[in-house]
Every structure is written in C-alpha cells, then in structure tokens.
Amino acid sequence: MTQINTAALQKLDSAHYLHPFTDHTDLAKKGARIITKAQGVHIWDSNDNQILDGMSGLWCVNMGYGQQSLVDAATKQMQTLPFYNSFFNTSVEPAIELATLLSEITPPQFNHVFYSSSGSESNDTILRMVRRYWDMQGEKQRKTIISRKNAYHGSTVAGASLGGMTGMHEQGDLPIPGIVHIEQPYLREAVKDKPELKDLSEDEFGIVAAGWLEEKILEIGKDKVAAFIGEPVQGAGGVIIPPKTYWPEIQRICDKYGILLISDEVICGFGRLGTWFGCETMGTKPDFMTFAKGVTSGYIPLGGAMVSQRVVDVIYKDGDFNHGYTYSGHPVACAVALANIKLMQKLDIVNTVKNDTAPYLKKMFEALNDHPLVADAQTLGMVGGLVLVKDKDKNIGFDDDDNVGMICRGHCFDNGLVMRAVGDRMIIAPPLTMAHDNIDELLSKARKALDATLKDVSK
Ligand code: PMP
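Residue numbers for the sequence shown follow UniProt numbering, so the first one is 1 and each next one is one higher.
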C-alpha cells in the first residue's frame, strides 16, 4: 500500500512540481524521496525508512522536530491574529516582542531588526540598505560590495549576485553590476592556482586570504567600496572553516577603510557555532547580520537583518526607506520565533552546544581522518566537513566526473543518514539538540557509507 502511494506521489511530483536546485530529467528517472514525518532528530520517508537528519533539514531545524511549544505558539497566534502588516504606522505584538528579544541576544551594536521571510530577501534588503547608507552619507560613489567566490547568499537576483557560485552566475547574467568577488579562505583549493601557498600554516594562510580583500579595495579604489559580506563559515560552499586569523584580519581591513561589514548569519546564527551568532565565534563586530532558518528552527519562514545603531542613525533619520515585504514582521512567524528562542534559552542550548555537544561531535567526526578516503575532517560547533580523496598519501583528489560525493551521499541515505555532498566534500549540520548517542549513530552510519563508497571507487 505504502509502495503504491509512493509511486503515485512520485509521478505527480514529477509531472507538476518544479523543485529548487534539481535536475528534473534525473528526478523523473529516479523519483523523489518523499519525506512524510519527523520527530526529534529523525525523519521518515514514505516507505517508512527512518533516517537520521545530519543536515537539520536545510541547516535550519536547530531545535529538532516535534517541539510542541512552537506548534502551540503558531496555533494561538493564528487564532488571535493570523496576519496584519507593519506598513504605514501599524505594528503587531509578536513582531515588537521579537525585535526586543533579538536586540537582547545579539551583540550590543544591534538594537533594531528589519524582517523578511528568507535569507535571500534579507541579503537583498542589505544591498539596498548599504547603498542607501552611503547615499545619505554623501558618498554616492561607494556602491561596490565585495564578497567571496563559492559564497552562498541566496537565490534572488541580489542574493545570487552576492553569492559566488559560478553555476548560478552563468544562469541569468549575474552578478549584477557593483558586486565583485575575491578568493575564498580555502587553502586546499587555493594551492591549485597558487602553488606557492602550499607551505603556509593555516594561520599564515588566513592573513594572506584576508589580504585579498585589501588588494581588491585598492584595485577598485578605497572610496568606491561600500561593504564586505561573508558567512562566518561558508555553508553551502562545502563547510569551509576559515583559519582563526582570517576574520580578525578582515575586520581590521574593513575598519581601516571604513567599509561596512555584513555577517551572513543565515546558517551560523542561532547557536550553530556554539555562540548565539557566528560573528561572536569569529571575533568580528559587523554592521549588519542577516539571518533566517534557525530563528524559527525552520518551522515557518522568517528572515531578517539586524542593523547596527550607526547605520540606523543614518538611514532612518529623515523620510522613508522605501523597502518592505508584505510578510515583514508576520505575526505567526514572529510568534514561532519567540517560542523557539525562548526554548533555546530555557534549555541553555547554546552553552550545551559549546561545552558538550560540539566538543563530542568534533572528537567523533575528526576521528574519520583515519579513513583511507578522508582528508581534512573538521568541525566547528555543529557544522562539519571532510574531503574525499583518491590517494591520501599523495594527496590526490577525485575528478569532478568521478561524482564521488554523490556516490557517498547515496550510501548515506541507504544507511539511514542524511549527509550532504558538495563536490568532493561531505558535510553535516545536525540539529543542536543531538545527544551523544545520536552523534554515535551519525558517525557509525557515515563510516559505513564511506566504506561502501571506497568499495565502489576501488572497482
Ligand atoms: N545565506 C546563507 C549563508 C545561506 O546558507 C542561505 C540558504 N542556504 C541563504 C543566505 C539564503 O536563504 P534562503 O534560502 O532562506 O533564501
């Protein structure tokens, strides 16, 4: 019975549903895996397979599935006031209460939030705010935003332009003007083009990689650069954990040239790195923080941008800032976010991650470095990544055509584990609520998948 249902659903899915980031010819051949329910840190598919969710849905279900207080908050708010807008001098209680709470839990420079419904919209908002800020400061020539190659900042026109994914830029003539990209702080990749970097320590490389920002500023002209944007840890690019020296040096350079710093906290925000926000782990003091995902643990869409006092003082001084979304400050989304953050506080989850869960994950995940296929297995907080290599001793990687990541991802699924593949990198971002036995389960399944992958690639 379940079997028939799955096939029928897959047929309808393929006939009518255009999926994000999906090869539809491939999807039609294989049929989608249909997820039907979830509880705690596990999901179930329509064939009743129980799967450990090593990716928190899509880096978002930070507090795990089945949190009743979030459901109750949504229900109550829907019954009381399912929608009203915040345009034209109106406001709604949950949006006000959440703005106040966000001002408390974010670093001291932040006292204001602008709401959206997603990470992409949040980054679009920032692009407009940054340019408005410099216009109001009388520096209209400061338009350029510098980002990094292999960054991910969303799928809208501004989001995809700010991102540094060539596969996205190729579709739709992106990036839009005024956005440029420097190399990412990823030594293994950097040495392919710059072999002279190979003997640098991680810390030395961090300074060099941050220096590429300064080079770009000087190339463009220091009075033309408006802002720098980056994810504290690049997520969708493959969990690229930068050297410890990188972000402090980026901050120093931004300060030196008076450039605004944007921390894209869509993945790293809300406890993922063992601090409320990633910038706190990295030691930066951004002017903007964009967020989404973990703010509601993904139970309902909500995004936003924290805007620092010095920017608010300029942009909101005189007249309108002509920008807003119907769902800016959506009462149900804000009510769920409030319940989610209060649950995080009640469980003291950020400290638990920092002092217990993340160190345990680190120990277990980094033990995969002994596997013949694995190089550079690393975690920071509750994200981790490793590289699959063809010849570990000679440090030779796989070719793109080998599709090694996708092979490994397939074996993960077959073993009841969601782990994501980005090229030759396998990545995780498990719920912050994982207990030690969940982490043990994750690692034993990952190891089985790696063994099966090794067999396949050795054939
Ligand atoms: N920024 C980062 C760092 C992200 O990881 C993502 C989504 N993965 C986005 C922005 C875009 O968020 P959304 O998909 O909610 O638009």
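The C-beta atom is built at its ideal place from N, Cα and C for all residues, glycine as well. Source: prediction; values computed, not measured.
Runs of the alpha helix (DSSP H) spanning 4 or more residues and lying entirely within the region 356-441 occur at 358-366 and 404-414, in chain order. Ranked by Cα distance from Q251, the first of K224, A210, G274 and V239 is A210. Looking at the DSSP output, W44 sits in a beta bridge with K37 and Q50. Summarising the contact set, residues whose Cβ lies nearer than 7 Å to any heavy atom of the ligand PMP are, in chain order, L58, W59, S118, G119, S120, E121, N123, Y152, H153, G154, S155, G159, E231, G235, A236, D264, V266, I267, T290, A292, K293 and G303. For V311, the uninterrupted alpha helix (DSSP H) segment begins and ends at Q309 to I315.
If only complete runs of 3 or more residues are kept, the region 240-323 shows the beta strand (DSSP E) at 260-264, 288-291 and 303-308, in order along the chain. Linking T100 to P243 through their CA atoms gives a straight-line distance of about 34 Å.
Selection G164, D203 and W212 evaluated against E231 yields G164 as nearest (Cα-Cα). As far as DSSP is concerned, V332 takes part in no beta bridge. Excluding sequence positions up to five before and after T22, its CB lies less than 7 Å from no other CB in the same chain. Boundaries of the beta strand (DSSP E) harbouring I229: V225 to G230, taken from the DSSP string.
R188 sits in a helix when the DSSP states are folded into three classes.
Note that the C-beta distance between G54 and I428 is below 9 Å.
A distance of 9 Å or more separates the beta carbons of H112 and A151. S147 has H181 as its beta-bridge partners, per DSSP.
Separation of T36 and D400 (C-alpha to C-alpha, rounded to the nearest whole angstrom) is 33 Å. Assigned with DSSP and collapsed to three states, F114 falls in strand.
As computed with DSSP, Q234 is found in a beta bridge with I240. With a cutoff of 9 Å on beta-carbon distance, S117 and Y327 are scored as near each other. Inter-residue distance for G269 and D356 is about 18 Å (C-alpha atoms, whole angstroms).
Rounded to whole angstroms, the gap between the alpha carbons of P431 and S56 is 5 Å. Classified as exposed, S458 has fewer than 16 neighbouring CB atoms from the shown chains inside 10 Å of its CB.
Remark: C-beta atoms of I43 and Y17 do not approach each other more closely than 9 Å. In this structure, DSSP gives Y325 a state outside helix and strand, which the three-state scheme calls coil.
Membership of L127 in the alpha helix (DSSP H) is indicated by the continuous run G119 to M136. Only exposed fits P20, as fewer than 16 other CB atoms lie within 10 angstroms of its CB. When rounded, the separation of the alpha-carbon atoms in M364 and S147 is 33 Å. In this chain, the alpha helix (DSSP H) harbouring A209 covers E202 to I220. The Cβ-Cβ distance between T144 and V225 falls below 9 Å.
Following the DSSP letters along the chain, one finds E93 inside the alpha helix (DSSP H) bounded by residues E93 to I105. Setting aside the 5 residues that flank it on each side, V92 is surrounded in the same chain by L81, Y84, S86, G329 and P331, each with a C-beta closer than 7 Å to its C-beta; the list follows chain order. Counted as a single uninterrupted DSSP element, the alpha helix (DSSP H) harbouring L70 occupies residues Q68 to T80. When the five nearest sequence neighbours on each side are left out, the beta carbons in the same chain lying within less than 6 Å of the beta carbon of L361 are those of T379 and I439, in order along the chain.
Taking M306 as the centre and dropping the five residues before and after it, the same chain places the C-beta of T106, F110, V113 and M289 closer than 6 Å to its C-beta, in chain order.
By the Cβ rule, the region 190-201 does not count as touching the region 153-173, because fewer than three pairs are nearer than 8 Å. Contact between the region 380-387 and the region 298-314 is absent: fewer than 3 CB-CB pairs across the two stretches fall below 8 Å.
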